[in-house]
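Heads up, the sequence shown is in our numbering, so the first residue is 548 and it goes up one at a time. What follows is one structure encoded as structure tokens, with my remarks underneath.
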Amino acid sequence: MSDTNRKTVLSCIQPTGDMHLGNYFGAVKNWVALQDKYDCIYGVVDYHAMTMPYDVKKLKNSTWDIITNLAAVGVKTENLFVQSLVPEHAELGWIFNCFCGVGELMRMTQFKDKSQKQEEEKSNKFISVGLLDYPVLQTADILIYKADYVPVGKDQEQHLELSRNIAGKFNHQVGKEYFVLPEGLYTETPKIMSTADPMRKMSKSAGEKHYISVFGDAKRISKQIKSAVTDTGEPSDVMSPGVENLFRLLKASDDTENHMQLMDAYKDGNLRYGDLKVTVAEAIVKMTDQFKENKEKILADKKALKDQVKASSYEIRKKAQETLKEVKELVGLLNVRF
Ligand code: TRP
């Protein structure tokens, strides 16, 4: 419920692929927790998903998929909206385009990385204006709700900084401290590595064996964890990345008891990696089984979920409309009601 003293938290996620343990422990679990303390608004940003070459036939399904997954792990549907159902984001994005320098966007490391990757793409080298403009739309996502805090990963720090710059430039130009400068909420979240190669981050793009799907088959999850790369068992003063990753997974799944015991065993030099793997696998499977059960219940009545998210998008849109109306006034656009 809305409480005027509560700060507003906003974050968004792109509707791409299924959710893996890296996404869940690294971001989404934190979204769920923040709901107790803040007024949270979470967006599924389908406009952003169009910035890279994509399959027009699949986008809609991906959007509903991620909504289902978010709901299954505990994100309240009343806090969720779909970006394209709130077209004011795009309109405010346009206005912000006029308060942002081309050079600023060209400097964004994510643009440089992604456009370079596209450049190397054999079949489709296309780099869209949308990709360059991506952070301006992101700025609109944040400022349209006058968010106080934006929980994001370090990789989004530069985009958040840009949103502060745009807000500042806007305020300066209209001669009013209209937008609050949003702050990042950098909660310590575990960085989950690939169990097949603990030197690289868990990610879908690296290939099948490099990520563990939250809604995947329990046997597969268990197998992936049990075959995790650890180390040769040679005595060493530092914990190997693979073992560290397993401990991190155990802690992240809130199995503190076992985490403590096994950590003690490790320190005493008598931890058997096999035991660690079995324990981690059990903790993760227990957690994911619950999520899968939740998902099945949700999928049993898809229409109810869709109706809920349409209704929440409608409610959230009212806030966006209010801001846009004020902004149009401030920048000298006509505010006419037809
Ligand atoms: N760029 C973010 C990411 O890739 C997604 C995003 C879009 C976002 N709009 C946002 C995150 C607004 C926070 C706030 O993770």
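Virtual Cβ for every residue (Gly too), placed ideally from N, Cα, C.
Between the beta-carbon of Arg864 and the beta-carbon of Val633, is there less than 7 Å?
Cβ atoms of Arg864 and Val633: closer than 7 Å.
Item checked: Inter-residue spacing [alpha-carbon to alpha-carbon] between His636 and Lys872 -> 12 Å
*Short check: CB of Val761 to CB of Met566, under 7 Å?*
yes
- Task: Kindly indicate which residue of Ala619, Leu639, Leu707 has the alpha-carbon position closest to the one of Trp540.
- Result: The question about residue 540 has no answer, for the chain in this structure spans 548 to 885.
Could you give the residue range of the beta strand (DSSP E) that holds Gly590? 586–591
With respect to the alpha helix (DSSP H) encompassing Phe628, which residues constitute its N-terminal and C-terminal limits?
-> From DSSP, Phe628 is part of no alpha helix (DSSP H) but of the beta strand (DSSP E) over 627–629.
Burial state of Tyr585, where buried means 16 or more other Cβ atoms lie within 10 Å: buried
Quiz prompt | First through last residue of the alpha helix (DSSP H) which encompasses Ser558 | solution = Note, Ser558: premise wrong, no alpha helix (DSSP H); beta strand (DSSP E) at 555–560.
Out of curiosity, what's the CA-to-CA distance linking Val827 and Thr686?
39 Å
>> Could you check if Val785 belongs to the surroundings of the ligand TRP, using beta carbon to heavy atom distance under 6 Å?
In response: no
*Sequence-distant residues of the same chain with beta carbon closer than 6 Å to Asn792, five excluded per side*: Met740, Pro745
Inset, instruction - Ignoring anything shorter than 4 residues or poking outside the region 821–881, list the alpha helix (DSSP H) runs there in chain order. - result: Here the runs fully enclosed are 849–878.
Q) Going straight from the alpha carbon of Phe643 to that of Leu627, what length do you get? A) Near 24 Å, if we compare the C-alpha coordinates of Leu627 and Phe643.
Per DSSP, which one or two residues make a beta bridge with His567? Ser760
Excluding sequence positions up to five away, which residues of its chain have a Cβ less than 8 Å from the Cβ of Cys559? Tyr589, Gly590, Val591, Val592, His595, Gln630, Gln685, Asp688.
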